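Everything on this sheet refers to the single structure shown next.
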Amino acid sequence: MLHRNGISVMGKMMVLEGCILFVPLLVLPFYPEEIVFIWQFLLPAAVSIALGMVVCHRKKRNMSSSRMVVFTWMYGFILAVFPFWLYGNMTPVQALFESVSGFTTTGLSVLDVERLPHIFLFYRGFLQYVGGLGFVMMMLLFIQEKDSVTLYQAEGHPDKLMPTIGKTAKVIGMMYGFFLIAGTILYTICGMPVFDSIVHTMCALSTGGFSNRLDSIGYYHSLPIEWITVLLMMIGTTNFSLLLLLFRGRIRDFLRASEIRFLAGLTVITVPVMTLFLAKSGISAGESTELAFFNAFSALSTTGYATCSYREWPETALGIMISLMIIGGGIGSTAGGIKLGRVCRLMKNLAWNVKKKMISDRTVTLTYYCKGTENELLDRTQVEEASTYAQTYLLVYVAGTIALTFFSGCTLLEGAFEFASSLGTVGLSIGVTNAGTSSVCLLIEIIGMILGRLEIFVLIQAFFKNR
Numbered sequence: 005m006l007h008r009n010g011i012s013v014m015g016k017m018m019v020l021e022g023c024i025l026f027v028p029l030l031v032l033p034f035y036p037e038e039i040v041f042i043w044q045f046l047l048p049a050a051v052s053i054a055l056g057m058v059v060c061h062r063k064k065r066n067m068s069s070s071r072m073v074v075f076t077w078m079y080g081f082i083l084a085v086f087p088f089w090l091y092g093n094m095t096p097v098q099a100l101f102e103s104v105s106g107f108t109t110t111g112l113s114v115l116d117v118e119r120l121p122h123i124f125l126f127y128r129g130f131l132q133y134v135g136g137l138g139f140v141m142m143m144l145l146f147i148q149e150k151d152s153v154t155l156y157q158a159e160g161h162p163d164k165l166m167p168t169i170g171k172t173a174k175v176i177g178m179m180y181g182f183f184l185i186a187g188t189i190l191y192t193i194c195g196m197p198v199f200d201s202i203v204h205t206m207c208a209l210s211t212g213g214f215s216n217r218l219d220s221i222g223y224y225h226s227l228p229i230e231w232i233t234v235l236l237m238m239i240g241t242t243n244f245s246l247l248l249l250l251f252r253g254r255i256r257d258f259l260r261a262s263e264i265r266f267l268a269g270l271t272v273i274t275v276p277v278m279t280l281f282l283a284k285s286g287i288s289a290g291e292s293t294e295l296a297f298f299n300a301f302s303a304l305s306t307t308g309y310a311t312c313s314y315r316e317w318p319e320t321a322l323g324i325m326i327s328l329m330i331i332g333g334g335i336g337s338t339a340g341g342i343k344l345g346r347v348c349r350l351m352k353n354l355a356w357n358v359k360k361k362m363i364s365d366r367t368v369t370l371t372y373y374c375k376g377t378e379n380e381l382l383d384r385t386q387v388e389e390a391s392t393y394a395q396t397y398l399l400v401y402v403a404g405t406i407a408l409t410f411f412s413g414c415t416l417l418e419g420a421f422e423f424a425s426s427l428g429t430v431g432l433s434i435g436v437t438n439a440g441t442s443s444v445c446l447l448i449e450i451i452g453m454i455l456g457r458l459e460i461f462v463l464i465q466a467f468f469k470n471r
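Here my numbering is used: position 122 in the sequence shown is 126, and no number is missing along the way.
As C-alpha cells, this is what we get:
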C-alpha cells in the first residue's frame, strides 16, 4: 500500500533515530569517567537529526509502506554503526554486525563485553530494547502520523489492540515500560547489580540476549535469576494482544489461545527429551533438567541467553535446539523464527488432513485457531500463507547454512546451529561467531539477521513489488 507524504515521514524517522543515540548519555552521571566517549554519540546523532529535518521539508511524495519500513531499518542499522566504529578496535563490518545484531534483537557479538565501557554496554542493550518494539512503533509513540496503520502492519504487527493505532502503540509502550521496571527490580532483589539488571531486562524483554558478561546468565550461578530470565523471555516471546489479556486479568482467555498451548506443548515435549540426551552424556539428572529447561526456552523464545557452553553437548540435543530456533516465538511479539502461530496453523492443518482420511466423506469437519478472545476458522488462505513463508524460510536457512559452513570451515552441524541462530534472531553461539570471524562470514550472518527480523516477504515487497 502507498503511504501519502512518505518522504516527510522518513525524515521524521531519521530525527527519531538520531534522538535514540542521546539516550546512552544518561549513563554518564553515574560513570563520569566515560564522558570521553560522548562525541561517539553526539556527532552521529546531530548529523542524523539535521539530515532528517532537511528531508522532512522535501516535496511530498507517495511511497510504499514496505519500502518505508525497510529504509527506516536500514538507516537505523547504518546510523548505529558509528558509535561502535568511532570507539575503535573494530572493523566497519564488525561494527555493522554489532549494530544489526542489536537492532534485530539477535544478540550475537564480536566484542569482549567485560572490557567494554558502561555507556556502550547500555547502548547495546538499548538497541535491542528499541529493536524489540520496532521503529514504526517508536514513531507512533511520539509522532502522530496519518496512514500509520499501513506502516504498523508492514513492520510485522498483525493486530490492533485498541480502536486506533496510536492508542495501540501507547498500550504496548506502557506494557513494555512496566515490564522493564518490574524485571529490573526482581533482578536486583536476587543479587544482580542494578546496571546489569537494567541491561539484562531490556535484552530479555526484547528477546535479544545481549549480556554484560561473557558467560551470559550462567555467570551469576543463580537459579532465581534464571527463573526471572525465563519469565521475561516468556513475556517477550508472547503476542502483545495476548499480553493485554493478562493485563486485564483474562487468564482463561490467555490460556485458551492456540499459540500459548502450542508453546506449552513444545516445552513439555522437548525439555524431557533434551534432559534425557544430556543425562546420557554424563551430566547429572538435576543439572540436565535445569540446563534443558532454560536453554530450550531461550532457543524457542529466540532470546539467546545461555547458562553453559554448547561445545560439549551431544548432537541430538543440539539438533533439538536448532529445531526450536527455527520454530521461534509468537507472531506480533519481539521474537524471530518462522513463528509459533504459523507452525501451529500448519500442524492443525496436518492433523485435519489426517483426520479427514479416517472419517466418512459425508462428515464435515472444521478446524479453528484460537486467538484467546475468539475462534478463527482455519481456512486455505491462512494455511497457504504459513506454508509459503515456512518453505521460503527453510530455503534461506539451508542456503545460509551451506554458505556459512563453506566460508568458516566449521562442521555442518556448527554451521546449521549458528545460522539458525542468525536467521531466527536468537543469538546463541556454538563458537563460530567471535572477534576472529572473517568479514565474509559476518556478512552472511548479517543478511540472515536482517531477513529474520524484517521477515523475508517485507523485503521482497519493498524491492520487487510494482506499485
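Beta carbons are placed, not taken as given, at the ideal position from N, Cα and C, and that holds for glycine. Note that this is a predicted model, so its numbers are computed, not measured.
{"Item": "Provide the residue span of the alpha helix (DSSP H) that contains N299, from first to last.", "Value": "289-304"}
{"Item": "In the DSSP assignment, the alpha helix (DSSP H) including N357 goes from what residue to what residue?", "Value": "344-362"}
{"Item": "Can you give me the C-alpha to C-alpha distance between S173 and I273, rounded to a whole angstrom?", "Value": "Reading the sequence as shown, one finds Ala at residue 173 and not Ser. One C-alpha to the other measures close to 35 Å."}
{"Item": "Helix, strand or coil, according to DSSP, for C374 in the structure here?", "Value": "strand"}
{"Item": "Buried or exposed for K171, going by 16 or more other Cβ atoms inside 10 Å?", "Value": "exposed"}
{"Item": "I'd like to confirm the pairing. Which residues does DSSP put opposite S52 in its beta bridges?", "Value": "Per DSSP, none; premise fails for S52."}
{"Item": "Let me confirm a value: I342 is counted as buried when at least 16 other C-beta atoms fall within 10 Å, else exposed. Which label applies?", "Value": "buried"}
{"Item": "DSSP state of S103, grouped into three classes?", "Value": "helix"}
{"Item": "Where DSSP assigns a beta bridge to E263, which residues make up the other side?", "Value": "Per DSSP, none; premise fails for E263."}
{"Item": "Below 8 Å, can you find three or more Cβ-Cβ pairs linking the region 77-93 to the region 417-436?", "Value": "no"}
{"Item": "Pick helix, strand or coil for M94, following the three-state DSSP scheme.", "Value": "coil"}
{"Item": "Taking the CB atoms as reference points, tell me whether V198 and G129 lie closer together than 8 Å.", "Value": "no"}
{"Item": "Are L246 and L344 touching if we call contact CB-CB under 8 Å?", "Value": "no"}
{"Item": "Taking the C-alpha atoms as reference points, what is the distance between I232 and P276?", "Value": "21 Å"}
{"Item": "Could you check the C-alpha separation between L235 and L131 for me, to the nearest Å?", "Value": "21 Å"}
{"Item": "Please report how far the alpha carbon of T437 lies from the alpha carbon of T367, in whole angstroms.", "Value": "54 Å"}
{"Item": "Which value, in whole angstroms, describes the spacing of the CA atoms of V27 and M351?", "Value": "43 Å"}
{"Item": "Label P48 either buried or exposed according to how many other C-beta atoms from any shown protein chain fall within 10 Å of its C-beta, with 16 as the threshold for buried.", "Value": "buried"}
{"Item": "Can you give the Cα-Cα distance for R119 and Y133, rounded to whole angstroms?", "Value": "22 Å"}
{"Item": "From this set, R252, G212, I24, F81, which residue's C-alpha is nearest M238's C-alpha?", "Value": "G212"}
{"Item": "Going by the DSSP bridge assignment, what does L381 pair with across the sheet?", "Value": "Y372"}
{"Item": "Mark F34 as exposed unless 16 or more other C-beta atoms lie within 10 angstroms of its C-beta, in which case mark it buried.", "Value": "exposed"}
{"Item": "Taking DSSP as the reference, what is the three-state secondary structure of P121?", "Value": "coil"}
{"Item": "Please say whether V97 and S443 have beta carbons closer to each other than 8 Å?", "Value": "yes"}
{"Item": "Label F214 either buried or exposed according to how many other C-beta atoms from any shown protein chain fall within 10 Å of its C-beta, with 16 as the threshold for buried.", "Value": "buried"}
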